Structure formats: structure tokens, C-alpha cells
Ligand code: SF4
Ligand code: SF4
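In our numbering, the protein residues as written are 1 to 402.
What follows is the structure in C-alpha cells.
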């Protein structure tokens with residue numbers, strides 16, 4: 001805590017130790033807003049560290065549990081001009097030292113709600129982004145990872161791949177009439193691990209993602225063996241994002257006992273043995289809420305170039321919390337084709353939204369006691385304007401993303 005005095009000319013002088021702690025220098029900008037009794041200052045800097053990029057909202061599968069089943073959004077591919085525009089704007093976020101481990105941009109994640117490998121120029125995107133020198137993650141259902149594509153992707157700086165592998169996907173292989181789909185994906189992932197082990201580039205962190213439901217929880221004990229078999233060093237387990245009453249009945253959180261015991265398995269990594277890990281989701285709804293997207297200084301660029309703060313606000317769709325339907329509307333803070341990403345990231349609206357999320361200045365709708373609240377149903381809340389994070393399943397740690 002520190003005292004500030006107002007100067008004759010209305011200026012406020014910040015103490016030197018405060019400036020040093022925050023790394024503030026003459027010319028840096030702060031955003032201030034005043035409430036009834038207080039003034040809040042927020043540092044404005046190009047400090048985004050993770051960019052999630054949705055190359056496409058199309059998918060080669062049609063999983064029953066996916067919100068793509070019910071959303072009204074169009075599904076398209078990112079135009080090459082949009083990608084080029086974004087790519088040209090990213091160096092503004094790099095650490096001045098050029099190190100990906102510094103304070104600047106560290107990682108680009110190819111993901112979103114479609115299947116990234118459906119984009120016809122996905123390998124080129126990774127090749128172009130490799131020049132930035134940051135980490136590159138790919139999330140995929142693994143079905144299109146044939147040998148030629150795998151070899152090409154491994155020539156880039158790709159250093160993390162997360163493959164979705166669960167019952168919903170297995171059922172979707174059948175729906176898409178892909179005979180032996182599961183065996184094909186497992187073979188693709190094994191080959192990816194083997195080729196990555198032999199490449200001269202950076203080591204590959206390979207993981208699996210499993211959406212757990214009431215119906216498939218019996219498969220959890222097998223995950224450790226599957227992960228060890230394909231050479232995955234982690235399994236990310238997530239609860240379901242329920243888009244219908246039937247899906248809501250399949251959610252497993254708030255149930256006892258816990259999903260599984262701590263388990264690990266040996267994985268070969270460049271001649272050494274490392275231990276694989278399960279990343280379990282939280283099981284109980286709780287008072288503690290924190291946003292992994294805002295904490296990691298992440299932003300999301302949709303396939304049409306629209307910038308959103310997180311996956312939950314990247315599209316328009318309904319979901320259910322304790323039987324209550326919510327209509328989430330896509331929240332776009334700007335488009336990279338119209339406004340430079342640096343200006344979007346440092347805009348007053350985005351800086352203020354992040355500050356509100358960091359402080360988690362939202363009510364707890366689940367505890368409110370109102371059976372029907374139209375504000376909540378529209379994903380707003382009674383304490384402020386803009387989209388509400390009040391009962392975000394990601395902030396509860398129930399849904400996890402790579
Ligand atoms: S928005 Fe406010 S009034 Fe509505 S359910 Fe949430 S806490 Fe209750
Ligand atoms: S709390 Fe949830 S809705 Fe809010 S910004 Fe974070 S992930 Fe998005």
C-alpha cells in the first residue's frame with residue numbers, strides 16, 4: 001500500500017519502488033478507471049504470451065458431444081490473407097531479447113473447435129510460424145496424421161501435440177464410416193512419437209486428451225496403458241461441456257469418489273526415461289475460480305480473424321450448468337484484418353476485461369438461489385456489463401484445454 005498526492009497541476013506521482021516493481025518506465029501507459037471511492041490503475045503492455053489460433057471451424061468428424069452440433073456459427077477456414085496479416089503482427093509481442101522463454105510471446109496453439117488438419121495449408125502455417133522461434137502446439141483428433149503429413153510437420157518447430165482420444169471420437173469414426181478408426185489413430189500417434197524421437201529438431205511433448213462422462217468413466221483405468229503404448233507423456237482429462245439436457249446428465253463433476261488414483265508410466269524421451277502424468281480435472285464446484293486463459297496471458301484468434309479472450313467465448317452456443325441453460329454469445333474484441341493485434345490487446349475494453357477476470361469480479365450464480373434469471377441465461381451478470389465468467393466451467397477447473 002502506498003500514499004499518492006495530487007500535484008498542483010492534477011498529476012499523480014508514483015513512487016520509484018512501485019515503478020521498479022512493475023517494470024514501468026517513462027512513456028509507459030496505464031489505464032485508469034474510477035469507481036465511487038477508488039481509482040484503479042492497470043499496466044498496458046504487449047505482454048500476451050500464448051496465441052490460440054483456430055485455423056478452421058470445420059471438422060472431419062461429427063462427435064455427438066461437440067457444441068458444433070448446436071451452434072449457429074458458420075464453419076469456415078482461415079483465409080491465407082488473414083493468417084499472413086496475423087503472422088505479420090505477432091513480432092510486436094516477442095520478447096526484445098528474442099528468447100521464447102522471456103516475458104514475450106512463448107507459444108502458438110493450433111486448435112479451436114474444428115480439426116486443424118482439415119485446413120489445406122496447415123503445414124505451411126506451421127512452417128511460416130517456425131521463424132518466430134516460439135513453441136508450437138497442435139491439437140488434433142489424429143485421424144489425418146498419415147506418414148507424409150507427420151514427416152512434414154516434424155520439420156517445423158512443432159514441439160507439442162495433443163490428440164483427442166475418447167469414446168465420443170471412437171463413436172464418430174463409426175458415424176463417418178471410418179473402418180478401424182481407433183486402430184488408425186493409435187498407429188498414427190505411435191508413428192508420430194517414433195519419428196519425433198529420431199528428428200534432429202526440438203523434442204516433442206506428446207499428450208492425449210480424454211473427455212470423461214458417466215458412460216465412459218469405466219475406460220479411465222486403461223488410459224495409462226494406452227498412453228504408455230503410444231509414447232504419450234501426459235493425459236489431460238476433462239469434464240464435458242454439455243450442450244443439451246441429455247449431455248448435462250452425462251457430466252461427472254460433483255460425484256464421488258475421485259476419478260482415479262495418481263498414476264504414472266515410463267516414457268522414452270531422447271534416450272532418457274521420463275514419467276508420464278495424468279492431469280485430472282477438479283471434481284467439485286467450488287468458491288475458488290481462476291481463469292487459465294487470462295493468467296497465462298493468452299488470446300484466441302478465430303478462423304475469421306476475430307479475437308476473443310478464451311475458448312468459451314470464441315463461439316455462440318448454449319450450455320448447461322446444474323440444469324440451467326445459458327446462451328453464450330461470441331465475444332470479439334476486434335479483428336486482426338481491421339485493427340492490429342497490438343491495439344486490440346491494449347484496448348481499454350480488453351485491458352479492463354482482463355483485470356475484471358483476474359480479480360474474478362463476478363457473482364456466484366450457482367449460489368444465488370434464483371431459479372430463473374434472464375441475465376444469467378444470456379451469460380451476463382448483475383454486477384457488470386459484458387460477458388460474464390460467473391459460472392464458467394473452465395474457471396472452475398472442470399473443463400481443461402491444452
Ligand atoms: S446474474 Fe446475479 S441475479 Fe442472476 S443468477 Fe447470477 S448472481 Fe443471481
Ligand atoms: S473465466 Fe471463462 S469465460 Fe471468463 S475469460 Fe476465463 S475462460 Fe473465458
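We treat Cβ as the ideally placed atom computed from N, Cα and C, and that holds for glycine. Quick caveat: nothing in here was measured; it's all calculated off a predicted structure.
Please classify residue i as buried or exposed, where buried requires at least 16 other C-beta atoms within 10 Å of its C-beta.
i	result
residue 278	buried
residue 270	exposed
residue 298	buried
residue 172	buried
residue 314	buried
residue 14	exposed
residue 251	buried
residue 209	buried
residue 322	exposed
residue 1	exposed
residue 358	exposed
residue 137	buried
residue 367	exposed
residue 409	Nothing about residue 409 can be read from this structure; the chain reaches only from 1 to 402.
residue 89	buried
residue 77	buried
residue 337	exposed
residue 50	buried
residue 157	buried
What does a CB cutoff of less than 8 Å around residue i pick up in its chain, not counting 5 residues either side in sequence?
i	result
residue 284	253 and 254
residue 215	167 and 250
residue 39	32 and 33
residue 383	361, 362 and 363
residue 245	320 and 323
residue 46	92, 93, 104, 342, 345 and 346
Is residue i near ligand 1, with its Cβ less than 8 Å from a heavy atom?
i	result
residue 381	yes
residue 368	yes
residue 387	no
residue 373	yes
residue 390	yes
residue 202	no
residue 329	no
residue 164	no
residue 376	yes
residue 365	yes
Is residue i near ligand 2, in the sense that its beta carbon is under 8 Å from a heavy atom of that ligand?
i	result
residue 313	yes
residue 394	yes
residue 291	yes
residue 55	no
residue 242	no
residue 63	no
residue 357	yes
residue 294	yes
residue 340	no
residue 116	no
residue 402	no
residue 281	no
residue 309	yes
So, does the CB of residue i fall closer than 9 Å to a CB anywhere in chain C?
i	result
residue 140	Within the model displayed, chain C is absent; a lone protein chain is all it includes.
Could you please give me the residues that DSSP links to residue i through a beta bridge?
i	result
residue 33	40
residue 234	207 and 277
residue 164	209
residue 264	277
residue 345	Answer is none; residue 345 lacks a bridge partner.
residue 308	300
residue 318	327
residue 177	Looking at the DSSP assignment, residue 177 forms no beta bridge with any residue, so it has no partner.
residue 108	51 and 136
residue 335	306
residue 6	12
residue 77	56
Among the residues of its own chain, which have a CB less than 6 Å from the CB of residue i, if the five just before and after it don't count?
i	result
residue 260	220
residue 331	308, 313 and 387
residue 181	173
residue 400	236, 238 and 281
residue 291	357 and 395
residue 41	30 and 32
residue 142	163, 185, 188 and 189
Near residue i, which residues of its chain fall below 7 Å by C-beta distance, leaving aside the five closest residues on each side in sequence?
i	result
residue 416	No statement about residue 416 is possible, as the shown extent of the chain runs from 1 to 402 and does not include it.
residue 71	315, 316 and 317
residue 274	233 and 267
residue 191	147 and 150
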